[in-house]
Each structure stands twice: as C-alpha cells, then as structure tokens.
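Chains as they are written, first to last, in our numbering: chain F, 1 to 148; chain Y, 1 to 148; chain E, 1 to 419; chain X, 1 to 419. Idealized CB from N, CA, C, for every residue including glycine. This report concerns only the one structure given below.
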Amino acid sequence: MIAESLYQELILEHYKHPQGRGLREPYDAEVHHVNPTCGDEITMRVKLKDGADGGRHVADVSYEGQGCSISQAAASVLYELTVGSRVEDTLQVVDEFTRLMHGRGQVEPDEAVLGDAVAFAGVAKYPARVKCALLAWMAYKDAVVRSS
Amino acid sequence: MIAESLYQELILEHYKHPQGRGLREPYDAEVHHVNPTCGDEITMRVKLKDGADGGRHVADVSYEGQGCSISQAAASVLYELTVGSRVEDTLQVVDEFTRLMHGRGQVEPDEAVLGDAVAFAGVAKYPARVKCALLAWMAYKDAVVRSS
Amino acid sequence: MSTTFDVERIRKDFPILSRELPGGRPLIYLDSGNSSQKPTQVIEAMREHMAAHYGNVGRALHVLGSESTEAYEGARDKVAAFIGAPSRDEIVFTKNASEALNLVAYSFGNPICTDERFAMGPGDEIVITEMEHHSNIVPWQLLAQRTGATLRWFPVTDDGRLDLSGLDELVTERTKIVSMVHQSNVLGTVNPVAPVLARAREVGALVMLDASQSVPHRKVDVAALGVDFVAFTGHKMVGPSGIGVLWGRRELLEAMPPFLGGGEMIEAVWMDRSTYAPVPHKFEAGTPPIVEAVGLGAAVDYLTAVGMDAIHEHEKELTAYALGALKEIDGLRLIGPSDLADRGGTISFTLPDIHPHDVGQILDDVFGIAVRVGHHCARPLHLRFGIPATTRVSLYLYNTTAEIDALVRGLHHVKKVFG
Amino acid sequence: MSTTFDVERIRKDFPILSRELPGGRPLIYLDSGNSSQKPTQVIEAMREHMAAHYGNVGRALHVLGSESTEAYEGARDKVAAFIGAPSRDEIVFTKNASEALNLVAYSFGNPICTDERFAMGPGDEIVITEMEHHSNIVPWQLLAQRTGATLRWFPVTDDGRLDLSGLDELVTERTKIVSMVHQSNVLGTVNPVAPVLARAREVGALVMLDASQSVPHRKVDVAALGVDFVAFTGHKMVGPSGIGVLWGRRELLEAMPPFLGGGEMIEAVWMDRSTYAPVPHKFEAGTPPIVEAVGLGAAVDYLTAVGMDAIHEHEKELTAYALGALKEIDGLRLIGPSDLADRGGTISFTLPDIHPHDVGQILDDVFGIAVRVGHHCARPLHLRFGIPATTRVSLYLYNTTAEIDALVRGLHHVKKVFG
Ligand SMILES: Cc1ncc(COP(=O)(O)O)c(C=O)c1O
Ligand SMILES: Cc1ncc(COP(=O)(O)O)c(C=O)c1O
C-alpha cells in the first residue's frame with residue numbers, strides 16, 4: 001500500500017507528539033507562512049546566538065500552526081534538527097530537504113545531512129503534499145534571514 | 001447535384017435581369033433592411049392606391065439592394081407578384097412564402113398562392129440562406145405596414 | 001433502491017468507473033460535486049463530432065459548418081428544454097459557471113448601459129450569502145470595488161441553513177441584486193428561493209441563482225423558480241469541461257451591455273462603433289465551445305433518459321444511507337443539515353484531531369476512494385464554522401451503497417492510523 | 001513539395017478528410033483559417049482522458065485529480081515551449097482568442113488597479129489597425145466607451161499591407177496600448193512588428209499581438225518578437241474548441257487587476273475581501289478547460305512532430321501554386337498581397353457580378369469544396385476595399401495542390417452558372 005511510504009511511523013509520532021511546539025520568548029524574528037491551497041498555517045519564531053566556535057547558532061525555534069500531519073510533523077522534526085546547531089548547517093539541511101521534496105521521488109536523499117527528515121522522502125511523490133512538508137522549512141529560512 | 005434545387009433557372013434569370021429595380025417616386029413608405037450575418041441589404045419603397053374594387057392595391061414597389069443571387073432574385077420576383085395586386089392578397093403571399101422558407105424543405109408549397117416564388121422552395125433546405133430569400137419579403141411587409 | 005433505477009447498468013456507461021488505480025485499487029469516486037465523470041454517450045458524441053462533422057459555427061455555409069451549427073444550436077434547444085427556459089434564446093453558453101456569474105456582475109455599473117436596474121455605485125448594495133462558492137463571492141467583491149457599492153450577506157445557522165431572520169434588513173431599497181447558491185457545494189443545503197425572491201421583488205432587486213450544484217441533481221425549472229438569472233456548469237452534470245450556462249430573462253439579457261467583444265457577438269462593425277447581435281449571441285464572443293456544447297447536449301439527453309426524478313430519488317436514498325452509516329464513526333462532526341429535508345447528496349464533516357488532507361490521502365492511497373478535502377472554494381463558510389477544512393463526500397447517479405460501506409471502512413482505518 | 005513532408009501521410013491523421021459528403025461528394029476543406037480540423041492524436045487524447053483519467057484540477061488530492069492536474073499543467077508547459085515563452089507561468093488558458101484579447105482590454109481603466117500603465121481615461125489612446133478581426137476591434141471600442149479614451153487605427157494600403165507612414169503621428173505619448181494582428185485572417189498579410197514595437201517603446205505604450213492566424217502556421221517566438229501580450233486560439237491549430245491562450249510578460253500579468261473572479265484564482269477569501277493566486281492562476285477563474293488543454297497539448301505535440309518549418313514551407317508552396325492558378329480565372333480580384341513575401345496561405349478574392357455567397361454555395365453543393373464567404377469578422381477591412389464580402393480560401397498542412405486544382409475547376413463552373 002502506497003500510503004505506508006507517506007505516513008511513516010516517525011511522521012505520525014511527531015504529529016501526535018510535536019517537539020518544541022508553542023511560541024516562546026525571546027526571539028529575533030517572527031514569521032507567518034500560509035499554504036493557500038490547503039490552508040495550512042505556521043507562525044514561527046527564531047532566536048539565534050553566538051556559539052563557542054565563533055559561528056552563529058540556533059538558540060530556539062518556537063512555533064504554532066495548524067494543518068495536516070505532514071506539515072505539523074515537519075515543524076516538529078525541524079525543531080529537533082535545528083535547535084543547538086550552527087545556522088549554516090541548518091540552512092544546508094533546508095536546501096537538501098527542498099531538493100528532496102522537489103525531486104518527484106527520483107532524488108536519493110542524503111541521510112547524513114537530513115537525519116530524521118529523511119522520513120519525508122515519500123512525500124516527494126505527492127506533488128499536492130510537497131508544500132505541506134516545506135511550509136515549516138520555508139518559514140524557518142525566512143525567519144533566519146530576518147534574524148541576521 | 002443538390003445545387004440545382006437552389007439555383008433554379010428562374011432565380012438566375014431574375015438575378016441577371018431584375019424586374020422593377022431602382023428607387024422611384026412617389027412612395028408612401030421607405031424601409032431599409034439588413035441581413036447582418038451576410039451583409040445583404042435592401043432599400044424598398046411601397047406606393048399603395050385605392051383600387052376599383054374598393055380595396056387597397058399596390059401601385060408600385062421600387063428597391064435598391066446588394067447581396068447574393070437569392071436575395072436579389074427574391075426582390076425581383078416580389079416586384080412581379082405584388083405590383084397591381086390587392087394588398088391583402090400580397091400579404092397572403094408573404095405569409096405562405098415565410099411558411100415555406102421556415103419549413104426546412106418539409107413544407108409542400110402552395111403554388112396557387114406563390115406563383116413564380118415557388119422556385120425558391122429549394123432554399124428552405126439551406127438554413128443559412130433562408131434569410132437571404134426572406135430579406136425583400138420582410139422589408140415589403142414592413143413597408144406595407146408603414147404605408148397604412 | 002428504486003426498481004426502475006438500475007445503478008449497475010448506469011455504471012457501465014461510465015468507463016472510468018471500471019478503471020483500476022495503481023496498486024490494483026478499484027476506483028470509488030465520491031467527488032462528483034467537484035466534477036462528475038462522463039458517460040460513453042458524451043465522450044462518443046464529442047469524438048464523433050470531431051472525427052466527422054466539425055466546422056466553425058455561425059459563419060460557414062458549407063456542409064461541415066451547417067452540421068456544426070445545427071449541433072451547437074441543437075444543444076441550446078436541449079439545455080433550454082432541460083431547465084424549462086421560456087425561450088432557447090435565453091440560454092447563453094459560457095466557459096463555466098464562473099464566467100456566467102462574472103458576466104452578470106460585469107453588467108452592473110457599466111457606463112455603456114443606461115438601464116437603471118444595472119446602475120451601480122456608492123449607496124447601492126449587492127447581497128450574497130455566507131455559504132457561497134468563491135465564484136459567487138469574488139465577482140461581486142470586484143464589482144463592489146470597481147463601483148463603490150456595498151457587499152452584504154446572509155449568515156448561516158449552526159445547522160447549515162440560510163439565516164433569513166434578517167431578510168428585511170438585508171434586502172432593502174438599496175439592493176440591486178441578490179445572488180445566492182441554490183444548493184450548497186459544502187453543506188448540501190437546498191436554499192429556499194421563494195421568500196428571498198418575494199422580498200427582492202418588493203424592493204425591486206434582481207435575483208440570481210448559482211445552480212451549479214442543483215441542475216445536475218434535481219429537476220430545475222427556471223420559469224417555476226421565477227428568478228432572473230441562473231448559472232450552472234457542464235462538467236458537474238456528466239458533461240465536458242469548457243462549457244457553462246447562463247440563463248437569463250430575455251428582457252434583462254437584452255437590456256444588459258455586452259460583456260466580451262468580438263466575432264459572432266456583433267451585428268455590424270465599423271472602426272469607431274458597433275451594433276450587437278440579438279441574444280444569446282450578443283454574449284458569445286469568438287468561437288464558442290462547439291464540441292463541448294455537443295457533449296453537453298449529449299449529457300442532457302443522458303440525464304433525461306435516466307430521468308431527473310429517478311436520479312434525485314437514488315441520491316436521496318444514498319444520502320440517507322450515508323448519513324446513517326457515518327453516525328457510527330466516533331467523533332465525526334457533520335457540517336450541514338443532518339436531516340434529509342431540502343438537502344442534496346453532499347456530505348461534509350471533520351474528524352477530531354485528524355486533518356482532512358490526511359483523511360483524503362489515506363482514503364485515496366489505501367482504498368482508491370476519491371473524496372475532496374479542503375475548503376471546497378467556500379473558505380468564508382469554513383471560517384464561519386471555525387474550521388480550516390472539511391472532508392467532503394458528494395454522491396451522484398452512479399454511486400452505490402457498497403461504495404458508502406467502503407468509505408466507512410476507510411474512515412475506520414484512518415482513525416486507526418492516527419489513533 | 002518538400003521531400004520530408006508527406007502530405008498524404010498527414011491527411012490520414014485527419015479522419016474527417018476521408019469523409020464522404022451527402023451526394024457522394026468528397027470533402028475539400030479550404031477553411032482552416034476559420035477553424036482547423038483535428039488529427040486522431042488530438043481526438044484520442046481527449047477521449048482517453050475522459051475515459052480513464054478525468055478529475056477536476058488543482059483542487060483534488062486523489063489519483064484522478066493528480067492525473068488531470070498533471071495533464072493540464074503539462075499542456076501549459078507544452079504551449080510555453082511551443083511559443084518560446086520565458087516562463088510557463090506566463091501562459092494563461094482562456095476559452096478562445098477573443099477572451100484573451102478582452103482580458104487585456106478589461107485590465108485598463110479598472111479603478112482596482114493602480115499601475116499607471118493600465119490607467120485609461122479621456123485623453124488616453126488605444127491604437128489598432130483597419131485589418132483587425134472583430135475580436136481585436138470590439139473589446140477596444142468597449143474599453144474606449146467605458147473610459148472615455150480614444151480609439152485610433154493604422155490604415156491599410158491598396159495591396160493589403162499595413163500603412164505605417166503615419167506611425168509617429170498615430171502612436172504617441174498619449175498611446176497606452178497598440179494591439180494588432182500578426183497575420184491577417186483575410187489578406188494573409190504578415191505584419192511587421194519591429195517598427196511598431198520600436199515606436200511603442202519610445203512612447204511607453206504596451207504592444208499586443210493577435211497571433212490567432214500566425215501561431216498555427218509558422219514558428220512564433222514571443223521572446224524574439226519582444227511584444228508584451230500575444231493571443232491565440234486552440235481550434236485553429238489542430239486543437240479543440242473551447243480553449244485559447246494569452247501569453248503576457250509576467251511582470252505585466254502580475255501588475256494587472258484580476259479579470260474573472262472565482263474558484264482557483266484566489267489565494268484567500270473572506271466575505272469582504274480576497275487575495276489572489278499568483279499568475280497564471282489569477283486569470284483562470286473556475287474550472288478551466290481541462291480536457292481541451294489536454295487536446296491542445298496533443299495538438300502542439302503533433303505540430304511539433306511534423307515541424308513548424310516544414311508546415312510553413314508546405315503552405316508557402318501551396319500558396320504560390322494557388323496564387324498562380326487563380327490568375328487564370330477571368331476578372332478575379334485578389335484582396336491582399338499578390339507576392340509571397342510576408343504573407344500566409346489565406347487568399348481572399350471577389351468575382352465580378354457574382355456574390356461570394358453564391359460562389360461558396362456552389363463550390364460546396366457541387367464539389368464539396370468548403371471555403372468561407374462573407375466579411376470573415378473583418379467588416380471594416382471590407383468596407384475599406386469597398387466590398388461587402390469576399391470568398392476566402394485558407395490553406396493548412398493537410399491541403400494539396402490537387403485540392404487547389406479542384407477549386408479552380410469549381411470557380412470555372414461558378415462562372416458558367418452565372419455567365
Ligand atoms: C485574426 C483573428 N483574431 C481573432 C480570432 C478569434 O478567435 P476565437 O474565435 O478563437 O476567439 C480569429 C478567428 O476567428 C482570427 O482569425
Ligand atoms: C456552487 C458552485 N458554484 C460555482 C461553481 C463554479 O463552477 P465552475 O468551476 O464550472 O466555474 C461550483 C463548482 O466549482 C460550485 O460548486
């Protein structure tokens with residue numbers, strides 16, 4: 001059954017138990033993104049900080065949103081993959097994730113970069129759902145740009 | 001060949017040698033009718049008079065027009081059938097002619113009423129040409145109404 | 001099921017219904033409110049026309065031109081008879097229902113037109129309802145923005161009915177037109193036309209019905225309804241895409257300014273001015289949807305042969321069955337009337353903590369069940385119910401109780417996945 | 001005939017061409033400028049889509065919805081590539097070329113839009129030409145009437161060319177848009193775009209091309225042309241009725257106000273306001289011509305496979321042959337250029353003292369030859385030449401020199417009947 005490839009256990013887990021959800025202070029930038037075709041929405045705040053290594057690090061990502069399991073789980077996974085990491089590294093994850101989503105199921109995901117986000121590989125085969133998976137990630141990218 | 005039924009010898013004769021053509025004085029009413037789909041036009045004048053029998057008679061029908069052989073020949077035949085006749089009788093011809101034209105080729109023409117106009121029977125099978133055949137006759141009916 | 005109505009025989013007419021989806025799933029199509037499937041009779045009429053009779057209409061004297069013109073105008077006759085139009089000349093072919101609604105909206109506030117009824121400016125009002133499809137909202141918003149007129153609307157009650165309690169305050173001497181949906185594409189509600197029409201007549205307002213969801217499903221008689229304009233669309237009534245219908249009272253169509261300009265809608269053209277063809281051609285600029293009209297004519301023939309009353313009866317039985325069966329899904333919230341009175345076979349609902357997109361996706365992926373999920377082009381109605389989206393099941397003549405059973409099984413599975 | 005171009009093989013693709021007309025006449029179709037015939041490839045693509053893949057586009061997540069969306073948006077890709085559009089998002093599907101022209105005309109003088117380029121009022125000017133199809137005249141007349149702007153036009157020379165001698169006086173700082181036909185549907189003339197465009201750019205006017213008669217017959221590259229808008233229509237390019245195309249520069253399409261309001265053209269809707277979808281969807285309200293887009297995509301594939309250059313070459317040879325052959329008809333007056341430079345395969349003429357309707361009728365009745373007679377939706381052009389109507393022969397990829405021979409025989413017969 002095809003659905004198995006879309007609704008991975010990991011996605012369902014994150015949907016049912018979202019990580020880092022809620023809007024928190026302090027933050028450098030807040031953005032609100034909407035997916036007009038299906039009405040999914042997310043409000044996301046990003047707080048950056050200087051790391052011990054001299055680079056910029058992600059101090060916190062907090063969010064509120066509504067939407068399908070894919071869009072909600074994506075935000076939860078994003079929280080886990082970004083908080084505590086170097087900003088540049090997280091942007092590399094965004095790029096790799098975007099590439100995977102636009103690959104129509106033909107792109108081999110780079111697990112080393114993507115980590116848990118690799119569970120979304122199946123979404124790429126569903127053009128109508130790609131935007132759901134990308135919503136949080138696009139919001140994140142936007143918020144990081146506005147934080148700098 | 002189907003065309004034979006449309007382009008009767010009599011129609012071609014009237015087209016090549018139109019009877020009563022030209023605009024003449026005096027007249028009671030002048031009308032201008034146009035067939036917008038094919039651009040056929042006719043200007044027609046009607047002069048009525050009181051007949052010896054007490055009824056109204058057609059003293060003259062004069063016209064100028066441009067258009068296809070069907071529309072031009074129809075005006076010429078109309079001239080021959082109306083001038084000198086009782087107005088009521090000519091209106092009966094108009095009605096019978098109209099009925100024939102709208103009959104899609106299924107109506108049996110009343111030759112006694114129609115006279116030479118029966119040559120147009122074939123036109124009824126060509127919906128696009130029916131308006132050509134009717135142009136002069138509708139103008140005539142209109143002009144008679146305005147003459148009274 | 002009624003004895004004269006043989007749904008299995010009908011299903012055979014729709015080739016797509018025997019299609020196998022990828023992975024060997026059968027197709028269970030419960031999305032006819034979005035667009036209906038087409039019977040072989042329609043598909044073949046279109047193919048045959050293109051393969052043997054096609055020519056442009058109106059303009060050509062030759063055999064193909066005559067055959068196409070006859071087929072095209074013949075479709076107009078069929079549609080006129082189907083909806084009880086007093087005259088075939090009151091049937092305007094558009095590209096879809098949306099164009100028909102826009103055509104009427106653009107008739108207002110046009111300086112070209114001096115008819116008082118179509119004047120529109122500040123102080124004038126347009127009345128719609130909160131349960132409209134976007135296609136009966138946005139054209140009026142745009143009109144209000146262009147002219148400075150005010151847009152107002154009827155609210156919707158908690159059980160999905162039109163709230164007419166404020167009728168007299170809403171429809172007033174300021175109202176130029178009331179445009180409302182005949183049957184809601186979300187709630188299934190069939191709206192009462194008579195009281196609104198009576199009030200509109202009292203104040204001299206015109207009334208337009210968006211019948212996109214009623215004409216395909218029940219006998220609609222425009223003369224009996226007594227309204228001024230009716231819009232509907234071919235693709236929802238077993239006809240092709242690319243064609244819609246505006247019916248309007250002749251006298252109004254004649255008073256309205258032209259909308260789209262071009263070939264076929266004219267009487268005579270000079271460089272600096274034009275005169276226009278009589279209705280309906282005045283509103284059909286350019287080459288019309290010829291093959292689509294042929295298909296729509298065949299669709300009307302098909303629906304008539306099956307019988308609109310029989311179709312309506314079948315859908316009613318299916319709807320009763322579905323409303324009953326869905327009760328067994330824990331927590332399912334119906335958005336729309338739960339009784340059968342004045343409602344069609346469109347059933348929208350939510351499931352607690354499961355987003356409709358996930359419901360639709362699993363139904364489709366696992367069971368081949370096609371439903372629609374989202375706001376169904378009726379976002380304001382969803383806002384009114386405080387929900388971003390619903391799952392919508394919409395039934396038609398070819399659906400069966402077995403398909404509803406499959407739906408219920410599917411919904412149980414969805415709940416298990418997210419349980 | 002060129003060696004790679006096998007017209008007999010091509011003719012086999014068009015089922016209607018082997019049809020026998022009533023009375024046993026073969027069909028000789030010389031009316032493609034009015035509407036072209038459809039190859040099996042197009043007819044089958046449409047049939048197959050309806051029989052196995054049909055669903056509404058954009059809105060549905062299920063298998064059929066995805067397949068239809070992919071086919072519909074795939075057609076957009078094909079059309080974009082076919083005309084060299086810089087972006088697929090610049091292709092707007094309309095119902096025909098007329099709607100595309102009206103869409104642009106309605107973008108001007110709309111109070112909703114604050115972009116200076118689309119402002120239109122008294123003192124502003126619109127420039128067209130005397131050789132336009134009514135579909136590129138009436139929309140601008142209506143616009144001028146709505147806004148108080150002034151409509152002006154290029155005259156036509158005796159040999160059927162655009163008279164550009166007054167270019168600088170006609171296109172001035174007051175001009176907001178110049179809209180002209182790329183290839184005349186009566187004269188066959190292909191108009192020079194570059195000088196008009198250069199002048200328009202000097203004065204800051206926009207330029208629209210009505211390419212209804214060029215896109216089907218020659219390689220048209222919108223980027224190379226450099227204009228702002230291009231309109232054309234499916235049914236003249238071996239595609240179905242019910243679909244047309246507007247190409248526009250993205251930046252302009254984005255600046256324009258919405259035209260038709262409704263489902264699919266929105267981003268979000270509240271009762272009192274809406275935001276709109278990005279182009280091209282902003283201009284595609286309601287259910288689009290889905291099956292028709294599939295057919296148009298197949299048409300584009302077909303034309304591309306045959307090769308637009310080969311088609312153009314074939315038509316050029318046919319045109320040369322026809323212009324030569326028609327010379328032998330006594331008194332025949334050609335309306336349009338007699339040389340092959342910058343002209344397509346559309347040949348209009350008059351015969352002394354024989355009305356075109358009679359010519360067309362006899363050609364059709366006796367020989368099965370389909371030509372078009374009348375003013376071909378270009379009445380002002382006919383007025384300019386002082387004639388009410390012409391007989392028009394329009395050639396396409398499936399025509400042969402033998403058919404032109406038959407035409408010449410037919411014309412001799414016509415002259416005999418009226419001799
Ligand atoms: C030059 C020209 N422009 C516009 C049109 C209108 O096209 P459509 O009838 O598809 O709207 C035509 C054909 O009828 C045409 O030949
Ligand atoms: C109630 C209602 N009105 C209008 C429309 C618009 O119809 P179309 O998409 O054919 O323009 C629809 C369907 O989409 C509808 O359900």
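Taking only three categories from DSSP, how would you classify aspartate 163 of chain X? coil
Paired residues, beta bridge with aspartate 60 of chain Y - DSSP: According to DSSP, which records beta bridges pairwise, aspartate 60 of chain Y is partnered with Y:Lys47.
List, in chain order, every chain E residue whose beta-carbon is nearer than 7 Å to that of alanine 97 of chain X. Chain order gives the chain E residues near alanine 97 of chain X as Gly286, where near means a beta carbon separation below 7 Å.
Looking at chain E, is there any beta carbon in it that lies within less than 8 Å of the beta carbon of tyrosine 321 of chain X? no
Listed by chain order, chain E residues near proline 36 of chain Y by CB distance under 9 Å: Those are Ile266, Glu267, Ala268, Thr275, Ala277, listed as they occur along chain E.
Counting only runs of 3+ residues fully inside the stretch 27–96 of chain E, write out the beta strand (DSSP E) ranges in chain order. 91–94
Taking only the alpha-carbon atoms, compute the straight-line gap between alanine 59 of chain Y and arginine 146 of chain Y and give it to the nearest angstrom. Spanning the alpha carbons of alanine 59 of chain Y and arginine 146 of chain Y requires a straight line of approximately 15 Å.
Span of the alpha helix (DSSP H) holding phenylalanine 232 of chain X? Phenylalanine 232 of chain X -> not in any alpha helix (DSSP H); beta strand (DSSP E) instead, spanning 229–233.
Bridge partners - glutamine 66 of chain F, DSSP secondary structure assignment: F:Glu41
Does the beta-carbon of glutamate 90 of chain X, which I'm using as the reference point, lie nearer than 7 Å to any heavy atom of ligand 4? Ligand 4 is absent from the structure shown, which contains only ligand 1 and ligand 2.
For my contact list, tryptophan 153 of chain E and serine 179 of chain E are in at a C-beta cut-off of 8 Å; report their separation, rounded to the angstrom. Their Cβ separation, rounded to whole angstroms, is 10 Å, which puts tryptophan 153 of chain E and serine 179 of chain E out of contact at 8 Å.
Taking the C-alpha atoms as reference points, what is the distance between arginine 129 of chain F and leucine 23 of chain F? About 25 Å.
Which residue comes first and which comes last in the alpha helix (DSSP H) that contains lysine 416 of chain X? Where lysine 416 of chain X is concerned, the enclosing alpha helix (DSSP H) stretches over 401–417.
When X:Ala299, X:Ile177, X:Leu61 are compared against glutamine 361 of chain E, the one with the closest alpha-carbon: X:Leu61
For the stretch 27–42 of chain X against the stretch 324–339 of chain E, are there 3 or more C-beta pairs whose distance is under 8 Å? no
At a CB-CB cut-off below 9 Å, which residues of chain E make contact with methionine 102 of chain X? For the sequence presented, residue 102 of chain X should be read as asparagine rather than methionine. Here the neighbours are Phe259, Leu260, Gly261, Gly262, Ala285, Gly286.
By the three-class DSSP mapping on this structure, what secondary structure does isoleucine 16 of chain E have? helix
Whole-angstrom Cβ separation of valine 366 of chain X and histidine 413 of chain X, contact assumed at under 8 Å? 6 Å
Thinking serine 68 of chain X and isoleucine 243 of chain X are a contact (beta carbons under 8 Å), I'd like their distance in whole angstroms, please. About 15 Å separates the two Cβ atoms, so there is no contact after all.
8 Å Cβ shell around histidine 281 of chain E - same chain, five flanking residues per side excluded: By the criterion of a C-beta distance shorter than 8 Å, histidine 281 of chain E is surrounded in its chain by Gly58, Glu264, Met265, once the five residues flanking it on both sides are discounted.
Please state the DSSP three-state secondary structure of glutamate 125 of chain X. Here glutamate 125 of chain X carries a strand assignment [DSSP, helix/strand/coil].
C-alpha distance - aspartate 142 of chain F paired with glycine 188 of chain X, whole-angstrom precision: 54 Å
Would a C-beta distance cut-off of 8 Å place alanine 231 of chain X and aspartate 210 of chain X closer than the cut-off? yes
So, helix, strand or coil for glycine 148 of chain E, using DSSP? coil
Based on the DSSP output, what are the partners of serine 179 of chain E in its beta bridges? E:Met208
Using CA coordinates, which residue listed in E:Glu116, E:Leu101, E:Met120, E:Leu103 is at the minimum distance from glycine 444 of chain E? Given a span of 1 to 419 for chain E in the structure shown, any question on residue 444 of chain E remains unanswerable.
Less than 8 Å between the beta carbons of glutamine 19 of chain Y and tyrosine 79 of chain Y, yes or no? yes
Within its chain, find whatever has a CB closer than 7 Å to the CB of alanine 3 of chain Y; leave out the 5 residues flanking it on each side and keep chain order. With a pLDDT of 42 at alanine 3 of chain Y, under the threshold of 50, the predicted position of this residue should be treated as unreliable, and no value is reported.
Members of the stretch 117–137 of chain Y that neighbour chain X once the beta carbon cut-off is set at 8 Å: Tyr126, Arg129, Cys132
Which one of E:Val63, E:Lys78, E:Gly234, E:Phe283 has the shortest CA to CA distance from serine 32 of chain E? E:Gly234
Distance cutoff 8 Å, beta carbons only. Does methionine 1 of chain F sit that close to anything in chain X? Confidence at methionine 1 of chain F is low in this model, with a pLDDT of 36, below 50, so its placement is unreliable and the value that follows should be read with caution. It does not; no Cβ of chain X falls within 8 Å.
Could you name the residues of chain Y that leucine 61 of chain E contacts, counting a contact when the two beta carbons are closer than 7 Å? Ala128
Would serine 68 of chain E count as contacting chain Y if we go by Cβ distances under 8 Å? no
Cβ-based contacts, 9 Å cut-off: residues of the stretch 402–419 of chain X near chain Y: Val417, Phe418
Can you list, in chain order, the residues of the stretch 364–386 of chain E whose Cβ is nearer than 7 Å to any Cβ on chain F? Asp365, Val366, Gly374, His375
Mind pulling the chain X residues with CB within less than 9 Å of proline 352 of chain E? The premise fails here: proline 352 of chain E is roughly 21 Å from chain X at the closest Cβ pair, so nothing lies under 9 Å.
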